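The sequence shown maps to residues -29 to -1, 1 to 1003 in mature numbering (1 follows the signal peptide of the UniProt record, and there is no 0).
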Amino acid sequence: MGGSAAQRGAGGLRALLLALVAAGTPAGAYNLDPQRPVRFQGPAGSFFGYAVLEHFHDNTRWVLVGAPKADSKYSTSVKSPGAVFKCRVHTNPDRRCTELDMARGKNRGMPCGKTCREDRDDEWMGVSLARQPKADGRVLACAHRWKNIYYETDHILPHGFCYIIPSNLQAKGRTLIPCYEEYKKKYGEEHGSCQAGIAGFFTEELVVMGAPGSFYWSGTVKVLNLTDNTYFKLNDEVIMNRRYTYLGYAVTAGHFSHVSSTDVVGGAPQDEGIGKVYIFRADRRSGTLIKIFQASGKKMGSYFGSSLCAVDLNTDGLSDLLVGAPMFSEIRDEGQVTVYINKGNGVLEEQLTLSGDGAYNAHFGESIASLGDLDDDGFPDVAIGAPKEDDFSGAVYIYHGDARGMVPQYSMKLSGRKISPVLRMFGQSISGGIDMDGNSYPDMTVGAFMSDSVVLLRARPVITVDVSIFLPASINITAPQCHDGQQPVNCLNVTACFSFHGKHVPGEIGLNYVLTADVAKKEKSQLPRVYLVLLGESVGQVSEKLRLVHLEETCHHYVAHVKRRVQDVISPIVFEAAYSLGEHVTGEEEKELPALTPVLRWKKGQKIAQKNQTVFERNCRSEDCAADLQLQGHLLLSSVDEKTPYLALGAVKNISLNISISNLGDDAYDANVSFNVSRELFFINMWQKEEMGISCELLELDFLKCSVGFPFMRSKSKYEFSVIFDTSHLSGEEEVLSFIVTAQSGNVERSESLHNNVLTLTVPLMHEVDTSITGIMSPTSFVYGESVDASNFIQLDDLECHFQPLNVTLQVYNTGPSTLPGSSVSMSFPNRLSPGGAEMFHQEMVVGQEKGNCSFQKNPTPCIIPQEQENIFHTIFAFFTKSGRKVLDCEKTGISCLTMHCNLSALAKEESRTIDIYMLLNTEILKKDSSSVIQFMTHAKVKVDPSLRVVEVASGNPEEMTVVFEALHNLEPRGYGWIIAISLLVGILIFLLLAVLLWKMGFFRRRYKEIIEAEKNRKENEDSWDWVQKNQ
């Protein structure tokens, strides 16, 4: 298809994304040469370069340039109508440009129809340029601000004007005023203010002109069929009724519905605020444009659709579409281009979005142009302008098409400032697709209208270097074929061959290359297994320079030696030839446009190099050369009974893993056993009974790898060895110490035999401790009483009570061998003399809590003085029941105690922790007790938490203790005489009362006389017969 000369958009774009540049590819210059630009300069202030167009006629190449604010030497009476300049590429050493004569009217009011008079002042001729895509293609030049002033008393109608210029650029063209209709004079209605030509596109038979002002700036697309000289009309009322959408701001055309049909595209950058793009089928029967596809922008105000480019990116015969949104913003107007891939029948799918470098206020996507196949890879390339990037200096990005559509990374970025510091708005207009210098590659022309400049950038030839590296199919490492001095070594022959091909590459090219042996190992920073021999020395790589003629092959031959005792015989040996272009010899050069040096073909992020590989020869019984490794092992804790079910932290210094590996399959190459272990273990050594070719290397703190056998582990063989680790740095944070042991080789191993390749060995980690607790009380005894000097006690502020200060010191000690991760101490103090009595203790503080914390219930009323409510009976009772000693013990029932609980932090082996407690004992409560001695039994106990994996060792050290202190009551004789007197009197009264009672009861009556007389009578009656009879 043809193309628009200057695909422009609306105002600006933003910038601040990252463009991904292919690795190894210089994004600054692929095959467009910014070092030798051809620059054309126009009249100052003319906007020379607002539109550009590459053009050819016969063998002459031209750059056509629109300067829409220029004065015309052919119309001197017209104010700044604009002009189109032609700049010859060859035979123009001064880079002069001359204005095209379009043979147009020179005076205001010239007739142009029945109701048409033209006004060319400020018409902006050259605002858009387009070329018919064929050998003798004509040129379309437009002036969208051309006005019809026939009804100037009512309205001035900006219809817009276009002119078709013959291919030879002579002044015999065709005038187009597509929006003019006789007797139509209203400004906004229909096409009164259409401004046709703001964008233009030329196909072989269609002229497409954008008219964004029609229908009250709903806009339309005017399409002229050159075959029958008729216009296609847009009758879609839904589109036409959307006011201020600016449809036609940008236009293009392509094969969207079918490879043989031509469809028209129009951009409406203000449609619904986000912008839209419409594709219309030009229906020849009805003469109308029928909508077949539409796409919408993503953000308000992005001006999506202000620039368009139809190009067949994947060469499937159907046109794909690029849509610019130059004011798309993340921060400010960075700009964005959306790529749509044609799926056929007018169905397009979004492939990706492009953002260049995402530069601030860059307006990326202001212009988009197809460049043709710039690098001769079979796919077309695209240029996207960002004219405001780099503070209005501007930039142009080059993207490549491929079989999938568009390559996301740009291949090169051309900065206006680097080409010439005077350039401003470089990239506002772009044209390409034509070979301007005769080297069979299309070139690119870029306008920079704010500096009234145009730059032609020529494409350099792209060459493809064909590199072949010839190697033997395999290397026999059991039978050396070469000698290194007197030592036999394994070796191989290496041949590197080079040639190149490309389009239009004059002269010879210089090629520099570096041949590297075993490059895969080098890339991993490992020692190579093969060395190249050069002049009797072994080297890892060789560097050479060649001079190549087109299509002629040159080869170099080398010998490579295999390193002795190669362990890795599984991975292939890769040779790489990396190359770059050297000096290019072209012969005679044209002075005006000298031949450009070629460049190497870009390979989408690939390194410019060629590789080939070979392998070590292996003898295997099975077709897949499968090994069958089997792994066994167990743990051995040194200096500990094997029956111990755990590892005591700190008690065991070393741990050994006894490993047995056997191979029941084919010879196992690069056989190894790896150990994944805790990072707190330290590898000490590997031990084997006899030398068996086992070596171990600590690759990471937690990864040990042991190579077994060299160069391979033979079939039916078995190896046994032990690895020893230092356990002294285990912290115990993990509950279980795990060892994951894996056996593997470079061979294939069948899935059914993999179950015994991994071995997991574990042992629980425990804290083995022996704790003890000791304590002292100060003072161990004290005296209290009414006669004791009050200065021996202390008083709290505003309290009447006298307190005895007490200092309790407890010490918890860990004998080890492990660290005690945490423990608790509980203490109990008898706190009441009797159930329901007042609390005696007031705890002031616990000192030394920086490595622990203690909790207790504080006495809210530390000063309580029991009131005197004695009576005579209470006094007498106390007098007779008082004892000498009272024992208060919390372990006895019925005793109320003050309990304190302390949680201690970790205790290392042979470390102690001290708890100091300061307490006050209320002596006022003690005074009310009649005991002469009160003994306090205080208990403390240390406990460990089994959930912390702590094992307590029974060694006899006390885990609990008792502290005893006494309170001595200083008793004075009290006034007890009256108690004795009263008691004696009460006793006498009780005695007399008892005597009276006994007398009343006859206790003192004597019966002795009656007993004697009764006895006498009895004896007398015994001798009497009558008594006997009476008693029988």
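Note that beta-carbon positions come from the ideal geometry of N, C-alpha and C, so glycine has one too.
Nothing here was measured: the structure is a model prediction, and the numbers come from that model.
Beta carbon of residue i nearer than 8 Å to that of residue j
i, j, result
"V460", "H532", "yes"
"A224", "F172", "yes"
"A253", "Y217", "no"
"F471", "T525", "no"
"E175", "Q103", "yes"
"D673", "V694", "no"
"E651", "L701", "yes"
"L732", "F710", "yes"
"F587", "V510", "no"
"Q322", "G237", "no"
"G219", "G246", "no"
"L791", "T742", "yes"
"Q538", "F681", "yes"
"D352", "N285", "no"
"A221", "S277", "yes"
"residue 1053", "T698", "Residue coverage of the chain in this structure runs from -29 to 1003, which leaves residue 1053 outside it and unanswerable."
"A330", "S402", "no"
Short CB-CB distance (under 8 Å) between residue i and chain D
i, result
"L147", "Of the chains in the structure shown, none is chain D; there is only one protein chain."
Start-to-end residues for the alpha helix (DSSP H) that takes in residue i
i, result
"R388", "G387 to I390"
"D234", "Counting along the chain, D234 falls outside any alpha helix (DSSP H), though it belongs to the beta strand (DSSP E) covering D234 to A239."
"I210", "E208 to M211"
Cβ-Cβ separation, residue j to residue i (assumed contact under 8 Å), whole Å
i, j, result
"V9", "V55", "With 8 Å as the limit, V9 and V55 do not qualify as a contact, their Cβ atoms being about 19 Å apart."
"Q581", "A548", "5 Å"
"V530", "Q584", "That belief does not hold up - the Cβ atoms of V530 and Q584 are roughly 17 Å apart, past 8 Å."
"V425", "G20", "5 Å"
Reduced DSSP secondary structure (H/G/I, E/B, other) of residue i
i, result
"W188", "helix"
"D362", "helix"
"A330", "coil"
"K493", "helix"
"R66", "coil"
"D673", "coil"
"T131", "Checking the displayed sequence, the identity of residue 131 turns out to be Gly instead of Thr. Reduced to three states, the DSSP call for G131 is coil."
"A(-7)", "Here A(-7) scores only 31 on pLDDT, less than 50, and its place in the model is too uncertain to base an answer on."
"D242", "helix"
"R989", "helix"
"S722", "helix"
"E479", "strand"
"E705", "coil"
First and last residue of the uninterrupted beta strand (DSSP E) at residue i
i, result
"M737", "V729 to V740"
"E882", "E882 to N893"
"G437", "This sequence places Asp at residue 437; Gly is not what is there. Looking at the DSSP string, the run of the beta strand (DSSP E) that includes D437 is V433 to F441."
"E691", "K689 to D697"
"D916", "Premise fails: D916 is in no beta strand (DSSP E) and is neither H nor E."
"V353", "D352 to A357"
"K857", "R856 to D860"
"G84", "M81 to G84"
"F420", "Taken as a continuous stretch (DSSP letters only), F420 belongs to no beta strand (DSSP E), as it is neither H nor E."
"M73", "Taken as a continuous stretch (DSSP letters only), M73 belongs to no beta strand (DSSP E), as it is neither H nor E."
"C596", "Run containing C596: none; DSSP gives neither H nor E here."
Environment of residue i [buried if 16+ CB atoms lie within 10 Å]
i, result
"I665", "buried"
"L622", "Checking the displayed sequence, the identity of residue 622 turns out to be Ala instead of Leu. Buried, by the Cβ-count rule."
"A488", "buried"
"A(-1)", "Residue placement at A(-1) is flagged as unreliable, the pLDDT there being 47, under the threshold of 50; the coordinate-derived value follows with that caveat. With 16 or more other Cβ atoms within 10 Å, it is buried."
"G973", "exposed"
"E881", "exposed"
"A450", "exposed"
"L618", "buried"
"K987", "exposed"
"E320", "exposed"
"Y484", "buried"
"G163", "buried"
"V465", "buried"
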